[in-house]
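Taken in order, the sequence shown gives residues 0 to 252; the numbers are from numbering that gives the first Met the number 0. Beta carbons: idealized from backbone N, C-alpha and C, even for Gly. Small disclaimer: the values here were computed from a predicted structure and weren't measured. Heads up, the thing below is written out as structure tokens.
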Amino acid sequence: MDWLMLLLSPLVIAFVYPATLLFMMYGSAVFLHVYRHWRRQIYDAYVENFWDGGQQMVAAFFDAHGTLWHGYELMGVEKLPDDGPALLIYYHGALPLDMYYILARLLLVKKRRLRNVAATFMFQIPGIQLLLEVCGAVEGRSRKQCVDILKNGELLAISPGGVREALFSDEFYTMIWNGRRGFAKPIFPIYTQNIREAIRSVQVGRRWFRKLYELTKLPLVPLYGGFPVKLRTFIGEPIRYDSKMSSDELAAK
């Protein structure tokens, strides 16, 4: 029996990890609900803004997870401005683990909140709306809100490939932008090494799942993984652009 458990343990870990991450998200949401009702007893003397203490603690929670399990590193954070707007363009892994860790690290180290464009279905999942709201997530179809965020001098992260890229890209990190160019005005390109090796999407029935996704816009492709691979995010040099350039030219750049 011992040898059987040893043999099956990698398989168990591979499918349990995504569920663990979902548990972390729900745990964070539960914590924020508690914080909302007991804020005067939690960091009452420390918090300047209503949600500052809650954001810091959730960020510390995810940062600890990234550090312990993946040895997470964020390289080039000094390139981002200390104030004023910046747009970050990133490749979407099967699960955007790196974005959770980037959000946390920037809040803890640079004291800046990174707003992130999330898929519409995320806002329809029961129980985590508060987490999305407090973390500054923006619904993917709200382009005007994205523009307003940048006008307000905030940081904004966008993955042009979105859920489609997450589910149907491959081990070669093929970008799937699907003709999206409206957001192709990148200032800081970012890339996370090994993000597709940490969590993968099932490749069996890929074409069928792709058709199903295009019909429903729901991420029904099974995920597996949670492998403790090293994750290292690189923030590139800002891409300068001319306002006269077309969105296609910017995307190619």
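- Contact annotation: VAL116 and GLY152 have beta-carbon atoms that are not nearer than 8 Å.
- Boundaries of the alpha helix (DSSP H) harbouring ARG104: 96-104, taken from the DSSP string.
- Scanning its chain for C-beta atoms nearer than 7 Å, with the 5 sequence neighbours on each side dropped, one finds around ALA28 the residues GLY126, ILE127, LEU129, LEU130, in chain order.
- The beta strand (DSSP E) runs lying completely inside the stretch 119-173 and spanning 3 residues or more are 136-138, 154-157, given in chain order.
- Counting other Cβ atoms within 10 Å of its Cβ, GLY204 stays below 16 and is therefore classed as exposed.
- DSSP places TYR25 in the helix class (H, G or I) of the three-state scheme.
- Beyond the five residues adjoining it in sequence on each side, LEU107 comes within less than 8 Å, by CB distance, of GLN55, ALA58, ALA59, ASP62 in the same chain, given in chain order.
- In this structure, the alpha-carbon of TRP68 lies about 33 Å from that of GLY83.
- Around the beta carbon of THR215, fewer than 16 other beta carbons lie within 10 angstroms, which makes this residue exposed.
- Only residues of its own chain outside the window of five on either side were considered, and among them GLY65, HIS69, GLY70, TYR71, GLU72, LEU96, ASP97, TYR100, THR191, GLN192, ASN193, ILE194, ALA197 have a CB closer than 8 Å to the CB of LEU230, listed in chain order.
- Per DSSP, the unbroken beta strand (DSSP E) holding VAL116 starts and ends at 113-117.
- For ARG112, the closest alpha carbon among the candidates ARG199, LEU87, THR19 is that of LEU87.
- Annotation for LEU149: PRO84, LEU86, LEU155 place their beta carbon closer than 7 Å to its own, counting only its chain and skipping 5 residues before and after.
- Taking the Cβ atoms as the reference, ALA18 lies roughly 17 Å from GLY92, outside the contact range of under 8 Å.
- Residue nearest to ILE186 within the set GLY235, TYR16, VAL162, PHE122 is GLY235 (criterion: CA-CA distance).
- Shown here, LEU107 sits in a helix according to DSSP, grouped into three states.
- For the set LEU94, THR232, LYS210, ALA103, the Cα lying nearest the Cα of GLY135 is the one of ALA103.
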